[in-house]
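The block underneath contains the structure these notes are about, expressed in C-alpha cells.
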Amino acid sequence: KMSSGAADLRQRKKQNCTESDKMAPEERNKENSKLGRSPKYMLIQRFAKLFFGCLAAVTSGMMYAVYLSTYHERKFWFSSRQELEREITFQGDSAIYYSFYKELLKAPSFERGVYELTHNNKTVSLKTINAVQQMTLYPELIASVLYQASGSEEVIEPVYFYIGIVFGLQGIYVTALFVTSWVMSGTWLAGMLTVAWFIINRTDTTRIDHSIPSRENWALPYFACQVAALTGYLKKNLNCSAEKFCYLLVSASTYTFVMMWEYSHYLLFVQAVSLFLLDSFALAQTEKVHEVYKIYLFSLFLGYLLQFENSALLVSPLLSLVAALMLSKCLQMNMKNGTFLSRLLKIMYIYLVLTITVTLNFLLKMFVPHKENEHLLKFIEVKLGLNTTKNFTMNWLLCQESLQAPSQDFFLRLTQSSLLPFYILVLIICLFSVTQVIFRRICGEPLKETVKLEDGRIGERPEIVYHVIHTILLGCLAMCLEGTKYLWTPYVCMLAAFGVCSPELWMTLFKWLRLKAVHPILLALILSMAVPTIIGFSLWKEFFPRIMTELSELQEFYDPDTVELMTWIKRQAPVAAVFAGSPQLMGVIKLCTGWMVSSLPLYNDDDLLKRNENIYQIYSKRSAEDIYKILTSYKANFLIIEDSICNEVGPVRGCRVKDLLDIANGHVVCEEGDSYAYSKYGRFCHEIKMNYSPYVNYFTRVYWNRSYFVYRINTVISFQS
Numbered sequence: 003k004m005s006s007g008a009a010d011l012r013q014r015k016k017q018n019c020t021e022s023d024k025m026a027p028e029e030r031n032k033e034n035s036k037l038g039r040s041p042k043y044m045l046i047q048r049f050a051k052l053f054f055g056c057l058a059a060v061t062s063g064m065m066y067a068v069y070l071s072t073y074h075e076r077k078f079w080f081s082s083r084q085e086l087e088r089e090i091t092f093q094g095d096s097a098i099y100y101s102f103y104k105e106l107l108k109a110p111s112f113e114r115g116v117y118e119l120t121h122n123n124k125t126v127s128l129k130t131i132n133a134v135q136q137m138t139l140y141p142e143l144i145a146s147v148l149y150q151a152s153g154s155e156e157v158i159e160p161v162y163f164y165i166g167i168v169f170g171l172q173g174i175y176v177t178a179l180f181v182t183s184w185v186m187s188g189t190w191l192a193g194m195l196t197v198a199w200f201i202i203n204r205t206d207t208t209r210i211d212h213s214i215p216s217r218e219n220w221a222l223p224y225f226a227c228q229v230a231a232l233t234g235y236l237k238k239n240l241n242c243s244a245e246k247f248c249y250l251l252v253s254a255s256t257y258t259f260v261m262m263w264e265y266s267h268y269l270l271f272v273q274a275v276s277l278f279l280l281d282s283f284a285l286a287q288t289e290k291v292h293e294v295y296k297i298y299l300f301s302l303f304l305g306y307l308l309q310f311e312n313s314a315l316l317v318s319p320l321l322s323l324v325a326a327l328m329l330s331k332c333l334q335m336n337m338k339n340g341t342f343l344s345r346l347l348k349i350m351y352i353y354l355v356l357t358i359t360v361t362l363n364f365l366l367k368m369f370v371p372h373k374e375n376e377h378l379l380k381f382i383e384v385k386l387g388l389n390t391t392k393n394f395t396m397n398w399l400l401c402q403e404s405l406q407a408p409s410q411d412f413f414l415r416l417t418q419s420s421l422l423p424f425y426i427l428v429l430i431i432c433l434f435s436v437t438q439v440i441f442r443r444i445c446g447e448p449l450k451e452t453v454k455l456e457d458g459r460i461g462e463r464p465e466i467v468y469h470v471i472h473t474i475l476l477g478c479l480a481m482c483l484e485g486t487k488y489l490w491t492p493y494v495c496m497l498a499a500f501g502v503c504s505p506e507l508w509m510t511l512f513k514w515l516r517l518k519a520v521h522p523i524l525l526a527l528i529l530s531m532a533v534p535t536i537i538g539f540s541l542w543k544e545f546f547p548r549i550m551t552e553l554s555e556l557q558e559f560y561d562p563d564t565v566e567l568m569t570w571i572k573r574q575a576p577v578a579a580v581f582a583g584s585p586q587l588m589g590v591i592k593l594c595t596g597w598m599v600s601s602l603p604l605y606n607d608d609d610l611l612k613r614n615e616n617i618y619q620i621y622s623k624r625s626a627e628d629i630y631k632i633l634t635s636y637k638a639n640f641l642i643i644e645d646s647i648c649n650e651v652g653p654v655r656g657c658r659v660k661d662l663l664d665i666a667n668g669h670v671v672c673e674e675g676d677s678y679a680y681s682k683y684g685r686f687c688h689e690i691k692m693n694y695s696p697y698v699n700y701f702t703r704v705y706w707n708r709s710y711f712v713y714r715i716n717t718v719i720s721f722q723s
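Each residue of the sequence shown is one higher than the one before, starting from 3 at the first, in the working numbering.
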C-alpha cells in the first residue's frame, strides 16, 4: 500500500510544474475574493514580507561577520601587532594552511605557485608532497586569486583579506540558517531567533574562535546553503521556477562543499541516509530524492577528477549508498507490480539497500588502491571497545577533547540559553506527528496534497521530516564525539526556532489535546508570535550585556617566548636548516620563518603520523643515541624542546604526551593497581638540559628562553667527557 502511495507521488510529480503553476493563482484569487482582498493587495503584501525577510537575513549575516571581526580584534589586538606577532595567533594546522596562502602570494605567477604546491619539497624534509590534494588547499587557491585579481595589494594586507573572507563566509552561514528556519516556519521571526541562539551558543556552534583557517570554517557555510536549498526543494506544491532555482543551488553548493573539506562526504552520507529514510516511508516525492542522489554522484565524480583522482571519494560510504539506492530503484522498476517478487522487494527494500551498500563498499576497498583514513577505522574500533592498542597515535587521538563524549557543561550551556528544552519539545511533537503519518501510510491512507493549518499534521511536510531525521542522526554523532557538536548545534538552533514560531506545530499539539475552551487556530497563531517574542526578550536581557562586554574588553594575547624563538631562527639559523620538535610548533615555524621542518600537525597521512610519533620520542625515556639516530634519519639540524610538554601536568594522568610514549615504548610497570614509568634511561628532555655526556656529544645548546630550548644536532660527534 505504501508503494502505491509512492507511485501516486511520482505521478503527481510529473504534473506538478504545470498544474501547480496554473491552479495556484486561481485558488489564491478565490481565497482572496472570499476575504475581500484584491490580488494587487496580496501581491504587495507578499512582496513586502519577502523584502523585509531578505533584508533581515542579509543584515543578520553582515552583523555577525562584523561581530566576529570586532571580537577577533579585541582578543588579539590584531591591528597594533607586527606581522610576526599576528602570524603566531595561527596555531597548529591553521598555521600550515595560512603559510601556503603566503607562498601563493609570493610566487611570480599563480600557475607557478600552484605547481610549487603540487610538487612541494620545501616544507617537510626528505618528502615531496602534493599539498593541494593532501591538505585540501582549494580555499587558499581561491583566496589568493581573489586577492590578486581584485587589486587588493595596495588596499588591504593579505592577512586581513584572508580572515575577512572567512568571517564573510560565517555571515553567509548564519544567513543560510536564517533562511532555512524562515522557509520551514513561514515567518522570518524564526530566522531572527535562530541567529540569536546561534550567537549566544557560539562556543558550541562554531570553531571560528579556535582556528580561523580550519577546513570546516570554509566548508560548512556551503553546506548550510545546500540544506537551505534542499529544504525549499523538498516542499510540496513548489512552482517550477522556484524548484529549478533550489535544484541549481543544491547542485552548486554540494559540489563546492565536497571541494572545500576532505571529510565532506561523511556529512553528505548522513544527509543521504536521512533522505533514504524519508523516501522509504513514501513521505517525499521519490523523483526529487533521486535527483539529489544524482547531484551526489556528479559532485563525487567531479571532485575525484579535480582532486587529483582522490581515491577516498571512490571508497566513501556515500558513493556506495547512492549506487545501492540507484540499483535498488532499477530492480523495483523492472519488476511487474503485483508479482510475488515485486512485493518481496518492497518489503525488504531497506535491508536490500543496506546489503548492497556494504557489499559495494567492501568490493571498492578491495579493488581501489587507497590509504586514506585507515587510521580513522582503527580509531573507531578502539573507541567502540572492539580493540585495544598501545599505539601512541591512537591513544593520543583518544585523549583529545574533541574525540571524547560531550561534557555536562555542554548540555548546561544549551539549557541556560533555553535552546535545549525547546529543541526537545519541538523534536518530540514532530516525532509523534511523523510516527502518526507513517502509521497512516501503512494503513493505506494517502498523503494530503496540501496540508492546511487546521489539519494539525506537521509530520506530513517532507522538509520537516527530513530535518527531524537529520538532527537525530547528527545528534547521535555529537553524543559520541564532542568535536561533531559543531555540525549538530546550528541545526538544533534552527529546528527549535522553527518549532516555536510555527503555528502548524502548535496546532498539531492542540489537536492531540483536543482543546475546546479556546479556538485552537487562534491560540496557535497567538503562541507562534508570543512565545518567540518572550524568548527573544529574555535572551536580550540576559545575554546582550555579556556580548557587549565581550566586545568592549581588551584581552591580552602575547607570547613573547615564541616571538623571541622565531626572531632567533630568522636571524641566526642557516637558510637550509631543518627543525625538529612537536608538530604544532613546527607548523608555526613553517609559517613565521619559512624554514623546513621534519613533521607537520596533519593526521591524514600515515607517513606524517609515523614521523610525529618518532619525533615525539624526544619526550620519552630513550637514550641520546636513539634520539640522535631518529633525528638524523630525517636530516634534522636543530631540535627544539618545549618546556610545557616536558613538564606537562595534565588534568588526566595517562593522557600526557610523556605518559603515552611510556605506554607505547613498554616503559610502564604496573604494581598493586598503580602504574610506574621505568627505564634505564632518564627522560630525554630532562637529561639533555643537564649538559653532561653523552648528551653533549650529540647535541649543543645554541638558544634558550623560559619556554624553549634549541639544540644543534652535531654532525661530527665528539665523545670527550
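All C-beta atoms, glycine included, are put in the ideal place defined by N, C-alpha and C.
Pair within 7 Å by beta-carbon distance, residue i and residue j
i      : j      : result
Leu86  : Pro534 : no
Ala638 : Val580 : yes
Tyr468 : Leu236 : yes
Ser330 : Leu302 : no
Ala532 : Met509 : no
Leu662 : Asn397 : yes
Ala582 : Ile629 : no
Phe512 : Pro505 : no
Val168 : Ile98  : no
Cys248 : Ala274 : no
Ile471 : Leu279 : yes
Inter-residue spacing [alpha-carbon to alpha-carbon] between residue i and residue j
i      : j      : result
Phe78  : Pro448 : 59 Å
Ser621 : Leu483 : Just to set this straight, residue 621 is Tyr in the shown sequence, not Ser. Roughly 28 Å separates the two Cα atoms.
Cys56  : Ser62  : 10 Å
Ser2   : Leu107 : Here the chain has residues from 3 to 723 only, and residue 2 is not among them.
Phe369 : Leu604 : 27 Å
Gly684 : Gly94  : 29 Å
Leu139 : Gly115 : 12 Å
Gly173 : Met65  : 8 Å
Ile715 : Asp645 : 19 Å
Lys290 : Leu333 : 19 Å
Glu615 : Leu250 : 46 Å
Val718 : Phe381 : 42 Å
Leu507 : Ser187 : 9 Å
Ser404 : Thr486 : 8 Å
Glu29  : Pro41  : A caution first: Glu29 carries a pLDDT of 46, below 50, which makes its placement in the model too unreliable to give a value.
Thr256 : Leu399 : 29 Å
Met550 : Met496 : 24 Å
Tyr117 : Lys104 : 15 Å
Met481 : Leu171 : 27 Å
Arg703 : Glu155 : 41 Å
Phe711 : Ile643 : 5 Å
Unbroken alpha helix (DSSP H) run spanning residue i, endpoints
i      : result
Arg624 : From DSSP, Arg624 is part of no alpha helix (DSSP H); its letter is neither H nor E.
Gln619 : First-last for Gln619: undefined, no H or E at that position.
Asn363 : 351 to 369
According to DSSP, residues forming a beta bridge with residue i
i      : result
Met598 : Val580
Val712 : Ile642, Tyr705
Asn699 : Partner(s): none; Asn699 has no beta bridge.
Ile131 : Asn122
Start and end residues, beta strand (DSSP E) containing residue i
i      : result
Tyr636 : Looking at the DSSP string, Tyr636 is not in any beta strand (DSSP E), and its letter there is neither H nor E.
Sequence-distant residues of the same chain with beta carbon closer than 7 Å to residue i, five excluded per side
i      : result
Leu269 : Phe225, Leu489
Leu222 : Tyr175
Leu633 : Ala582, Leu641, Ile715
Close Cβ partners of residue i (< 6 Å) along its chain, the five nearest in sequence each way excluded
i      : result
Phe424 : Ala498, Val502
Arg708 : Asp563
Phe283 : Ile440
Gly458 : Met509, Thr510, Lys513
Ala109 : Gly115
Residues of its chain near residue i, where Cβ-Cβ distance is below 8 Å and the 5 sequence neighbours each way are ignored
i      : result
Asp206 : Phe412, Arg415, Leu416, Lys487, Tyr488, Thr491
Leu593 : Glu89, Phe92, Ala97, Ile98, Tyr100, Ser101, Lys104
Cβ-heavy atom distance, residue i to the ligand NAP, below 6 Å
i      : result
Glu403 : Summarising the ligand content, the structure contains no ligands, and the ligand NAP is consequently not present.
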